[in-house]
Amino acid sequence: MTNDEITARILRLDALVEKDEASRTVLSTNERIAVALVLDRKVWLDQMSWALLAAIDRLGERWFRATQRAWMIRLEGRPRLIYVADM
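FYI, the numbering used here numbers position 8 of the sequence shown as 30, with every residue one higher than the one before it.
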């Protein structure tokens, strides 16, 4: 599976889990971690007994890079936050 395919998979799973949180229970460990990171749900990592750095380590480099990319793609679709430094 290519990095682009992993990123697309993570984005599809994010959309699925956002609609129905219970659907995350059928995901693989890497998928659950990636979705939790992209959706910024640290509590889900806590529920799985994963410390943040341990979860990132578990993903491995390919999945982590794909997760970062999925997060950035989702972030581009959100309204930009305005920081004081931007003014």
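Virtual Cβ for every residue (Gly too), placed ideally from N, Cα, C.
The structure presented is a predicted model; accordingly, all values stated were derived computationally and were not measured.
Any idea if residue i is buried or exposed, counting beta-carbon neighbours within 10 angstroms, 16 or more meaning buried?
| i | result |
| --- | --- |
| Ala88 | buried |
| Arg54 | buried |
| Asn25 | exposed |
| Val60 | buried |
| Thr29 | buried |
Could you check whether the Cβ of residue i sits closer than 7 Å to any heavy atom belonging to the ligand ADP?
| i | result |
| --- | --- |
| Val60 | Of the ligands one can find in the structure shown there are none, so the ligand ADP has no counterpart to examine. |
Please name the residue in the options whose C-alpha comes closest to that of residue i.
| i | options | result |
| --- | --- | --- |
| Asp62 | Met23, Arg34, Asp42, Arg96 | Arg96 |
For residue i versus residue j, is the C-beta spacing smaller than 8 Å?
| i | j | result |
| --- | --- | --- |
| Leu67 | Ala56 | no |
| Asp36 | Ala92 | yes |
Which value, in whole angstroms, describes the spacing of the CA atoms of residue i and residue j?
| i | j | result |
| --- | --- | --- |
| Ala107 | Val48 | The predicted model places Ala107 with a pLDDT of 45, which falls under 50 and marks its position as unreliable, so this point remains unresolved. |
| Arg33 | Ser71 | Reading off the sequence, residue 33 comes out as Leu, not Arg. Between Leu33 and Ser71, the C-alpha separation is close to 23 Å. |
| Met23 | Leu81 | 15 Å |
| Glu98 | Gln90 | 12 Å |
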